[in-house]
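Chains as they are written, first to last, in the numbering used here: chain A, 213 to 366; chain B, 213 to 366.
The beta carbon of each residue, even a glycine, is placed where N, CA and C say it ideally should be.
Because the structure is a prediction, the values reported are computed rather than measured.
Each remark here refers to the structure printed beneath this line.
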């Protein structure tokens with residue numbers, strides 16, 4: 213059945229981010245949709261951001277496109293150029309290789325939900341705008357290339 | 213600006229389907245989001261189905277994943293196994309190579325809207341469940357391989 217039974221999919225707030233970068237995403241609860249849906253050419257997640265939570269550290273992907281659809285509530289999209297409020301029905305696109313770090317912040321009093329899809333090299337690399345961290349398929353690194361201690365699979 | 217200004221994107225009901233297969237999609241109005249958003253690894257469309265309209269002929273892709281998020285209104289997802297009503301917030305996944313033809317029908321009295329994303333071989337091939345037609349990057353064909361007369365680019 214192509215319609216996904218969201219309630220039946222595990223909801224998790226797992227992250228591989230090293231301490232203390234994991235703190236702002238502790239209220240990011242998500243369901244991975246691609247494995248359940250049988251999708252192999254894209255990743256897709258259904259995400260609930262609790263009040264105060266971030267979607268990620270502000271980041272970009274070198275070789276993966278990201279596309280986001282806002283479903284409920286309100287979030288603030290933060291990028292180099294400033295801030296934009298996203299409301300239900302809003303769509304946002306983050307092309308591979310554009311080093312304009314982005315993330316969503318839920319500054320409201322209620323949950324917000326969105327779906328995010330990624331395609332390209334889903335085991336690829338990228339960087340973080342605001343912190344001394346980069347990522348690749350191998351894990352998280354300081355900008356000088358020193359690895360962060362491994363935590364758990366993201 | 214990653215947030216897409218949907219109103220500024222051309223709304224079209226173009227189709228390359230040969231007559232009479234184009235009739236049920238004449239009330240399918242869509243905006244192509246990937247070119248405007250700079251996305252290269254996926255296709256994405258924002259679609260408005262007028263009452264009575266179909267999203268496509270019932271089809272599958274041999275080598276492209278499709279993923280759909282319902283935004284407003286109500287549509288009936290039709291596939292080999294039967295019918296499923298999709299409502300705002302519902303997600304549906306159509307993996308590459310699964311020959312279970314699918315489409316959406318708007319049987320309601322009001323518009324419905326959804327976003328659909330595709331990734332994989334976006335110039336690839338596939339088939340139609342209910343009609344004597346197949347497709348490839350080259351165009352539309354009868355099941356015996358005879359091409360349909362070319363119309364306009366899809």
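First through last residue of the beta strand (DSSP E) which encompasses residue 330 of chain A: Taking the first residue of the first chain as position 1, residue 330 of chain A is located at position 118. For residue 330 of chain A, the uninterrupted beta strand (DSSP E) run begins and ends at 324-332, by DSSP.
Residue nearest to residue 239 of chain A in terms of C-alpha spacing, selected from A/325, A/333, A/277, A/265: Position 27 of the first chain, counted from the start, is the residue given in the question as residue 239 of chain A. Selected option, being the one with the closest Cα: A/265.
Which same chain residues, not among the five before or five after residue 306 of chain B, have their C-beta less than 6 Å away from its C-beta? Residue numbering aside, residue 306 of chain B sits at position 94 when the second chain is read from its first letter. Here the set comprises 278, 314.
List, in chain order, every chain D residue whose beta-carbon is nearer than 8 Å to that of residue 215 of chain A. Chain labels in this structure do not include chain D; the protein chains are A and B.
Find out if the Cβ-Cβ distance for the pair residue 221 of chain B, residue 251 of chain B is shorter than 8 Å. If you number the second chain from 1, residue 221 of chain B lands on position 9. If you number the second chain from 1, residue 251 of chain B lands on position 39. Going by C-beta atoms, residue 221 of chain B is not nearer than 8 Å to residue 251 of chain B.
Residue span of the alpha helix (DSSP H) that contains residue 248 of chain A, given as start and end: Working through the first chain from its first residue, we reach residue 248 of chain A at position 36. Here the alpha helix (DSSP H) through residue 248 of chain A covers 246-249.
Could you check if residue 214 of chain A is buried or exposed, using at least 16 other CB atoms within 10 Å of its CB as the buried criterion? One-based indexing of the first chain puts residue 214 of chain A at position 2. That one is buried.
Pull up the CB-CB distance for residue 282 of chain A and residue 298 of chain A, whole angstroms please, since I reckon it's below 8 Å. Here residue 282 of chain A refers to the residue found at position 70 of the first chain. Here residue 298 of chain A refers to the residue found at position 86 of the first chain. The pair is a contact, with the Cβ atoms about 5 Å apart (cut-off 8 Å).
Quick one: which residues of the segment 275-289 of chain B get their C-beta closer than 9 Å to a C-beta of chain A? List them in chain order. 275, 276, 277, 278, 279, 280, 281, 283, 284, 289
I'd like to check one pair, residue 291 of chain B with residue 253 of chain A: are the Cβ atoms closer than 8 Å? What you label residue 253 of chain A is simply residue 41 of the first chain in a count that begins at 1. What you label residue 291 of chain B is simply residue 79 of the second chain in a count that begins at 1. No, the Cβ-Cβ distance between residue 253 of chain A and residue 291 of chain B is not below 8 Å.
Count the other CB atoms within 10 Å of the CB of residue 362 of chain B; is the residue buried (16 or more) or exposed (fewer)? Counting from one through the second chain, the residue named residue 362 of chain B turns up at place 150. Exposed.
Here's the rule I'm using: 16 or more other beta-carbon atoms within 10 Å means buried, otherwise exposed. How should residue 267 of chain B be labelled? Looking up residue 267 of chain B in the second chain gives position 55. Classification for residue 267 of chain B: buried.
Leaving aside the five residues before and after residue 322 of chain A along the sequence, list all residues of the same chain whose C-beta is less than 7 Å from its C-beta, in chain order. As a position in the first chain, residue 322 of chain A is number 110, starting the count at 1. Taken in chain order, the residues that qualify are 263, 285.
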